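Protein chains in written order, with full-length UniProt numbering: chain A, 1 to 180; chain B, 1 to 180.
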DNA sequence: TTGGCGATCTGCATGACATGCAGATACGGT
DNA sequence: ACCGTATCTGCATGTCATGCAGATCGCCAA
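And the structure:
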C-alpha cells in the first residue's frame, strides 16, 4: 500500500476524513510484513492510542481493502489476515506458530489446469474464468523446525480448517477424544 | 475417502463405534464433489435422519479429517468446506455463487519459490520447509458468467476475507458507507 | 441371547471473529 | 470560528465452531 501521506491525500480526495485513528493505522500498516489480524493490529494500536475501538480498526481495514490498498486473506487460522503488499505474491504459512510470510513464485501465471469434467472454456476451465490465483505453502518456518517443542505449544497446530494435501504434522492415527 | 463399508471396518478396528449417524454421513460424503460445509451436510442429513445433531456432524467430520479420509478447507466464505477427495488436487472457487470445484494442476510440485529476505534453506525457502501446497483459483463459474445478475444476488461477493491478487469483481472505487 | 463398559449423541452453554446500529464527536471546507 | 456530515466508540447481534454433561446405544464377552 501507499505511504501514510499518500493515503491521507487519497482519503481526502475521496471525501473521506483523515482522523488520528486512521493515520495511526496507516503508519502501523505501512511496510508491515507481519500479516496482522484485525485484533493483533488493535492491540498494537491500543498501546499508542488507548481507547481506540476495535470497530474502528475493522472499519479502516475494510475501507483500505475496498480501495485496493490492502489485501485480506483467510488462512484458516481463525482470523483474517491483512497484507499491505499489493503486488502479485503468494504465502508461506507455518502450521506450528501461524507465522505468514510473503513469497514470490515463478510460473504461477503459467499453471496449467488439467483433468476434470468438461471442456475447457475460452480463458479457463470448463467455462470457469479465472480472475486470480492464490498459492499457499504450508509447512514449518525456520524457528519451528529448530524448536521441537513447537509442535504442541504454539497456537495453530492440530487440524484447523485450512487443509492441505498431505497430513500436516499431526499423527494421522486414530481420533483421540477419550474423556476418562 | 474410502467407501462406507471400508470406513465402517476401519472405525471398528480403531475401537470406534459404527453408529447409524456415522453411517449416514459416510454415505453422504462418499463420492461427494460438492465440498459441503458442516451445516450444509447437516441439512441433508437431517432430512434422512430427523433429530441428528449438528454437533455430531462436526464431530464425525473432525474424526474423518484426523484419519485422513477427508480434507477441510477454508476459502474465506464463512464456513469450512469438506472434501472427500484426498488426492493431490486444487480448487476453483466462484466468487459469485461460492461454488467450489476440484481441479488438477500440472507443475504444482515444480513451483519455484523466488525472492524474499534470506538464504534458501535445504528443502524450502529461508529455512521454511514446505509440507503442502494449496492453490485456489478464484473467478466465475460458467453459470455465473452467463448470468449477469449473479453479481449482486448470490451469497459470497463483496470482499469476504479470502483475498486475491486482483480486485475481485467489486468496483475498487471508493468505500461506500453512507447512511443518509 | 443377555450384560455391561464405555464410546457416542444430543442439547445447551461458551467462545472467537465479524458486522449492524445509534448517539456523541471531530474533521475540514467555508 | 461555524456547521454539516463522516467517524468513532460501545454495545448488541449474528455466524461458525467447540466444550460439557447426562442419557443412550454399539459391541465385546459370557
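Beta carbons: idealized from backbone N, C-alpha and C, even for Gly. All of these numbers come straight from a predicted model, not from anything done at the bench.
Is the CB-CB distance between residue i and residue j below 8 Å?
i                     : j                     : result
residue 131 (chain A) : residue 138 (chain B) : yes
residue 133 (chain A) : residue 113 (chain A) : no
residue 75 (chain A)  : residue 103 (chain A) : no
Can you find the residues in the same chain that come closer than 7 Å, C-beta to C-beta, to residue i, ignoring five residues on each side of it along the sequence?
i                     : result
residue 12 (chain A)  : 18
residue 42 (chain B)  : 54, 57
residue 105 (chain B) : 90, 135
residue 52 (chain A)  : 21, 45, 46
residue 48 (chain A)  : 24
residue 88 (chain B)  : none
residue 59 (chain B)  : none
Taking the alpha-carbon of residue i as reference, which of the options has the nearest alpha-carbon?
i                     : options            : result
residue 92 (chain B)  : A:68, A:126, A:61  : A:126
residue 97 (chain A)  : A:110, A:77, A:103 : A:77
residue 146 (chain B) : A:129, A:60, A:142 : A:129
residue 63 (chain B)  : B:111, B:100, B:7  : B:7
residue 27 (chain B)  : B:95, B:5, B:50    : B:5
residue 3 (chain B)   : B:86, B:95, B:35   : B:86
residue 14 (chain A)  : A:88, A:67, A:144  : A:67
For residue i, list the residues DSSP reports as bridge partners.
i                     : result
residue 94 (chain B)  : B:139
residue 105 (chain B) : A:113
residue 100 (chain B) : B:93
residue 18 (chain A)  : Residue 18 (chain A) is not bridged to any residue.
residue 42 (chain B)  : According to DSSP, residue 42 (chain B) bridges with nothing at all.
With a CB to CB cut of under 6 Å and the five nearest residues on each side skipped, what residues in its chain are close to residue i?
i                     : result
residue 37 (chain A)  : 79, 81
residue 84 (chain B)  : 1, 29, 32, 70
residue 94 (chain A)  : 140, 141, 144
residue 120 (chain B) : Annotation note: pLDDT 49 at residue 120 (chain B) (below 50); position unreliable, no value reported.
residue 35 (chain A)  : 81, 83, 100
residue 50 (chain A)  : none
residue 10 (chain A)  : none
Following a CB-centred definition, is residue i positioned closer than 7 Å to any heavy atom of the ligand FMN?
i                    : result
residue 46 (chain A) : Among the components of this structure there are no ligands whatsoever, and the ligand FMN is therefore not found.
Would you identify the three-state DSSP class for residue i, choosing helix, strand or coil?
i                     : result
residue 57 (chain B)  : helix
residue 75 (chain B)  : coil
residue 134 (chain B) : strand
residue 36 (chain A)  : coil
residue 70 (chain A)  : coil
residue 152 (chain A) : With a pLDDT of 41 at residue 152 (chain A), under the threshold of 50, the modelled position of this residue cannot be trusted, and the question is left open.
residue 2 (chain B)   : coil
residue 83 (chain B)  : strand
residue 31 (chain B)  : coil
residue 88 (chain A)  : coil
residue 48 (chain A)  : helix
Leaving aside the five residues before and after residue i along the sequence, list all residues of the same chain whose C-beta is less than 8 Å from its C-beta, in chain order.
i                    : result
residue 61 (chain B) : 25, 38, 41, 70, 72, 82
residue 65 (chain A) : 71, 72, 82
residue 16 (chain B) : 63
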